[in-house]
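Note sheet for the following structure.
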Amino acid sequence: MIKAEVKNLSFNYGTTSDHKSVRPVQVLNQINLPIHENKVTALIGPSGCGKTTLLRCFNRMHDVYGAVQYSGQIVLNPSGYDILSKQVDPLEVRMKVGMVFQKPNPFPKTIYENVAYGLSIRGVKKKSFLDDKVEDSLKKAGLWKEVKDRLHKSSAALSGGQQQRLCIARALATEPELLLLDEPTSALDPISTAHIEELLVELKKNVTILMVTHNLHQAGRSSDYTAFMYLGNLIEFGESSQVFTNPKNEQTENYITGRFG
Numbered sequence: 007m008i009k010a011e012v013k014n015l016s017f018n019y020g021t022t023s024d025h026k027s028v029r030p031v032q033v034l035n036q037i038n039l040p041i042h043e044n045k046v047t048a049l050i051g052p053s054g055c056g057k058t059t060l061l062r063c064f065n066r067m068h069d070v071y072g073a074v075q076y077s078g079q080i081v082l083n084p085s086g087y088d089i090l091s092k093q094v095d096p097l098e099v100r101m102k103v104g105m106v107f108q109k110p111n112p113f114p115k116t117i118y119e120n121v122a123y124g125l126s127i128r129g130v131k132k133k134s135f136l137d138d139k140v141e142d143s144l145k146k147a148g149l150w151k152e153v154k155d156r157l158h159k160s161s162a163a164l165s166g167g168q169q170q171r172l173c174i175a176r177a178l179a180t181e182p183e184l185l186l187l188d189e190p191t192s193a194l195d196p197i198s199t200a201h202i203e204e205l206l207v208e209l210k211k212n213v214t215i216l217m218v219t220h221n222l223h224q225a226g227r228s229s230d231y232t233a234f235m236y237l238g239n240l241i242e243f244g245e246s247s248q249v250f251t252n253p254k255n256e257q258t259e260n261y262i263t264g265r266f267g
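The working numbering numbers the first residue of the sequence shown as 7 and each following residue consecutively.
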């Protein structure tokens, strides 16, 4: 099943001024992309190609910067919910679509409060429900055994890898339909990176994942589908095994083999 569909998506932000004209900067050009349910889809491509811009369209993160313009749709199935509709509240979108950033960013709160945060701002107050949800989310993030005896201690005491898994648990607690990962291991050591990659195999049983990564080995190991982007365009999309072993586009092949330039 296709969990989400990007349909003819273009994205502009800000303005560029050369003292003669003022015009929007187009970053994404007519993107069409299926996101398969309970699979990991990786976005790859050189810096500045639009990967993170596309990822952040899925939870309307760009809206916080003001002058932006979307055209096209991102539709969640089976509800037909259009994330980019002007009638949709971006805050509501962010409850349906969780996000984990490049650098671990736990809140300056306890481990428990971090995981329960999204539910708390929704108005959930029943302690037994919160307790169960915190435990379940930490288990899904592979962190429960390590922190179960210090839930009310500061999250700042955790290692970098543990903090990133805490951020994943926080994102999972609201039961998102999609989980966005923006280079989730780039700030981590090799052992923590391996933990996160192993975790992806378990996570996708419960949630659909869209991930940006510069690490081609990681994309090949951890994703089911891969999309290669260049200059705001989607160049190639397919099963990761096909994209990495038998790419259909010469640009894709050049990028994967290191001849890109």
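From the three backbone atoms N, C-alpha and C, an ideal C-beta is built for every residue, glycine too.
Taken in chain order, the complete beta strand (DSSP E) segments of 3 or more residues contained in the stretch 54-130 are 74-82, 103-106. For a cut-off of 8 Å, the C-beta gap from E183 to K9 is around 7 Å, short enough to register as a contact. Annotation: S91 to Q79 spans about 8 Å, alpha carbon to alpha carbon.
Around the C-beta of G86, fewer than 16 other C-beta atoms lie within 10 Å, and the residue is accordingly described as exposed. Counting C-beta pairs with one atom in each stretch, the stretch 226-233 and the stretch 139-154 have fewer than three that are closer than 8 Å, which means they do not touch. For K211, the closest of H42, K13, Q36, S16 by C-alpha to C-alpha distance is H42.
Per DSSP, L187 is one residue of the beta strand (DSSP E) stretching across 184-188.
Following the DSSP letters along the chain, one finds L49 inside the beta strand (DSSP E) bounded by residues 46-50.
Remark: three or more beta-carbon pairs, one from each stretch, lie closer than 8 Å, so the stretch 172-180 and the stretch 109-129 are flagged as touching. Considering only P196, L187, I197, the residue with the shortest C-alpha distance to L209 is L187. By the C-beta criterion, the stretch 154-167 is judged to be in contact with the stretch 191-200, since at least 3 inter-stretch pairs fall below 8 Å.
When only Cα atoms are considered, K131 and G124 end up about 12 Å apart.
DSSP places G166 within a helical segment (H, G or I) once states are collapsed to three. The criterion of a C-beta distance shorter than 7 Å is satisfied by T59 and V33.
In the DSSP assignment, L240 falls within the unbroken beta strand (DSSP E) covering 239-245. In the three-state DSSP reduction, G20 falls in the strand class (E or B). Within the same chain, T116, I117, Y118, V140 come within 8 Å of L157 by CB-CB distance, once the 5 residues on both sides are set aside. V218 is not a Cβ neighbour of K13, given a cutoff of 7 Å. For L194, no beta strand (DSSP E) encloses it, and the DSSP letter there is neither H nor E. Three or more Cβ pairs closer than 8 Å define a contact, and the stretch 97-104 meets that threshold against the stretch 64-83. The three-state reading of DSSP puts H201 in helix, counting H, G and I together. Distance from the CA of G264 to the CA of D69, rounded to the nearest whole angstrom, comes to 35 Å.
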